[in-house]
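Below is one structure, written out as structure tokens; the observations come after it.
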Amino acid sequence: MKKFVFARVLLCTLLTAGVAPLAARAAAGDLYDGGLNALAIYKFNSAGTRTVFKSGTYIDWLAFDSKGNLFAAAPSDNVIVKITPTGVQTNFATGITPAGIAFDAVGNLFAINTAGTGSIVKYTPSGTMTTFVSSLGGGAPTGLAFDSNGNLYVSFSGNNTMGSGSIAKFAPNGTKSPVASGLFLPAGLTVDGANNLYVADVGSGSIFRFTPTGTKTTFTSGLNGPRSLAFDTNWVLYAGEFGSHDIVKFPGGVKTAFSHDDTFIGGLAFEPPTAGQPPFNIAGVLQDPTLDLHDTATSIMMNDDWQSAANHNQIPANLQPPDSRESAILITLQPGNYTAIMAGKNGTTGIGLVEVYDMNAGVFANLTNVSTRGFVGTGQNVLIGGFITQGGNGSTKVVIRGLGPTLTQHGVSGALADPFVSLRDGNGNVVYKNNDWKDTQPAAIQLSGLAPPNDLESAIIVTLPAGHYTAILSGNGGGTGIGLIEVFKLR
Numbered sequence: 001m002k003k004f005v006f007a008r009v010l011l012c013t014l015l016t017a018g019v020a021p022l023a024a025r026a027a028a029g030d031l032y033d034g035g036l037n038a039l040a041i042y043k044f045n046s047a048g049t050r051t052v053f054k055s056g057t058y059i060d061w062l063a064f065d066s067k068g069n070l071f072a073a074a075p076s077d078n079v080i081v082k083i084t085p086t087g088v089q090t091n092f093a094t095g096i097t098p099a100g101i102a103f104d105a106v107g108n109l110f111a112i113n114t115a116g117t118g119s120i121v122k123y124t125p126s127g128t129m130t131t132f133v134s135s136l137g138g139g140a141p142t143g144l145a146f147d148s149n150g151n152l153y154v155s156f157s158g159n160n161t162m163g164s165g166s167i168a169k170f171a172p173n174g175t176k177s178p179v180a181s182g183l184f185l186p187a188g189l190t191v192d193g194a195n196n197l198y199v200a201d202v203g204s205g206s207i208f209r210f211t212p213t214g215t216k217t218t219f220t221s222g223l224n225g226p227r228s229l230a231f232d233t234n235w236v237l238y239a240g241e242f243g244s245h246d247i248v249k250f251p252g253g254v255k256t257a258f259s260h261d262d263t264f265i266g267g268l269a270f271e272p273p274t275a276g277q278p279p280f281n282i283a284g285v286l287q288d289p290t291l292d293l294h295d296t297a298t299s300i301m302m303n304d305d306w307q308s309a310a311n312h313n314q315i316p317a318n319l320q321p322p323d324s325r326e327s328a329i330l331i332t333l334q335p336g337n338y339t340a341i342m343a344g345k346n347g348t349t350g351i352g353l354v355e356v357y358d359m360n361a362g363v364f365a366n367l368t369n370v371s372t373r374g375f376v377g378t379g380q381n382v383l384i385g386g387f388i389t390q391g392g393n394g395s396t397k398v399v400i401r402g403l404g405p406t407l408t409q410h411g412v413s414g415a416l417a418d419p420f421v422s423l424r425d426g427n428g429n430v431v432y433k434n435n436d437w438k439d440t441q442p443a444a445i446q447l448s449g450l451a452p453p454n455d456l457e458s459a460i461i462v463t464l465p466a467g468h469y470t471a472i473l474s475g476n477g478g479g480t481g482i483g484l485i486e487v488f489k490l491r
């Protein structure tokens, strides 16, 4: 069985689908860093332009909650501060010498207290504190990160001694288990959509990746003191280099310059997207979506407002819809075919987004096909399927189809007469496109067993490196109508 946040519907975005391990996310907000010796928090837009967000406090590690409040560890002042989206700053927690901070799935803030032998404390959203781990046993605990199963990872820098750094994992019940040893100043941690752990190892100049089962590989090396890490919502990794004061990013795993900070870089954190800041400036969004999940026979679960679900507090904080009117279903599914139907409450209409997230990426079961049907218009009203590929061998072979005439055979009126499919990479570049499937790859598509039934329909077969992709279904020559866009995972 697999557990999924099967779909969530967001305001202010296009209709989208994903492929496992999948997460079609809204665009990230600005990147923030703690400028250690500059006594400031800096903000960087997508182009890398820096502005001062807050000044006057020695800030290190950062974390955002789901509402867009920024929490910052200020060890010199023995506080954790909270800064609202409008810039109002208050002391959230006092009497602590904080290092790494991280939020769990339900919005509790966990923080390392470096006093004594080190401990981990937990704060509810209202600020009530309890102790999660009473003693970390020294070793200079530094960074924190949660995976989607609620496991908390902690880095121990080893008091600046080569080879004495380590990583430990704490289960939700507090049970500790080792992950890695022999590191040289491990600091910042982050986890990707497949629950792989990334470790910034300052002393070796490397970023290491650990699978959920503990297998270690080198993601990159030769950096100048990588200390802090953060993923954007397209799963592009960003790293702050302590030695060079540079922030670099790794689209497709390739190091690329992002910005220079001219100060020692503390923690990194991306501002979460919000319903009030539509990433694509879409007009006519669905104001109150509902979600209905069907198996092959009947409806098996429905949701209107996501917080009304009995298990809503089990949805990870980074996957919780930002608007209370939006819908979400968290469910464990048997193998089979399922359909998620998004509709407007009380018959309302508009543009919406359906997403599928694999909550147990390490389990041997796969989402092999996802598709979505909707009206294909022109301009911003085309049909969009976004997906993220993360294969164990670094690549995923997929077939992408755009159907229209075939729908008529199934009783759909007003079907798209001549579909056109294009595929874009994470940078927005068109990497493949097709009008009629027999035009470009007929032999390979037929061999896959997924050839469209109609010659006017579109298909692409391609092996993609790990990354973020967008399949766009439009009408050839500006045609409109009901269309179906599909993504099949072959291997």
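Following my numbering, the numbering of the sequence shown begins with 1 at its first residue and continues without gaps.
All C-beta atoms in this analysis are idealised placements derived from N, C-alpha and C, irrespective of residue type, glycine included.
Taking Cβ to Cβ, would you say Ile460 is nearer than 9 Å to Leu407? no
Endpoints, beta strand (DSSP E) assigned at Thr463: 458-465
Helix or strand or just coil, what does DSSP make of Ile96? coil
Minimum C-alpha distance to Asp77 - residue among Ile83, Asp65, Thr57, Val421: Thr57
Span of the beta strand (DSSP E) holding Ile315? Taken as a continuous stretch (DSSP letters only), Ile315 belongs to no beta strand (DSSP E), as it is neither H nor E.
If we call anything under 9 Å between Cβ atoms a contact, is Ala99 one with Asn108? no
Enumerate, from N- to C-terminal direction, the unbroken beta strand (DSSP E) stretches of 3 or more residues contained entirely within the segment 375-448. 383-389, 395-403, 419-424, 430-434
Rounded C-alpha distance that separates Gly428 from Gly139: 44 Å
With 16 as the cutoff for other CB atoms within 10 Å, does Met342 come out buried or exposed? buried
What three-state label does DSSP hand Asn78 in the structure shown? coil
Quick one: which unbroken beta strand (DSSP E) runs of 3-plus residues sit fully inside the segment 179-255? Chain order, please. Whole beta strand (DSSP E) segments, 3+ residues: 186-191, 197-201, 206-210, 216-220, 226-231, 237-241, 246-250.
Coarse secondary structure for Asn69, derived from DSSP in three states: coil
Considering only the alpha carbon of each residue, which of Asp232, Gly350, Pro272 lies closest to Asn381? Of the listed residues, the one whose Cα sits closest to Asn381 is Gly350.
Closer than 7 Å by C-beta to Ser55: which residues in its own chain qualify, once you throw out the five before and the five after it? Chain order, please. Leu39, Ala40
Bridge partner(s) assigned by DSSP for Ser259: Its beta-bridge partners are Ile247.
Once DSSP output is grouped into helix, strand and coil, what is the label at Gln89? Three-state DSSP puts Gln89 in a strand.
So who's on the other strand from Met301, going by DSSP bridges? Leu293
In this structure, does DSSP put Gly158 in helix, strand or coil? coil
Determine the direct distance from the alpha carbon of Asp232 to that of Thr378, and round the result to whole angstroms. Taking the straight line from one Cα to the other gives about 29 Å.
Taking the beta strand (DSSP E) that Arg50 belongs to, which residues open and close that run? Unbroken beta strand (DSSP E) run through Arg50: 50-55.
Could you name the residues that DSSP lists as bridge partners for Val285? Ile351
Residues bridged to Ile341 by DSSP? Asp292
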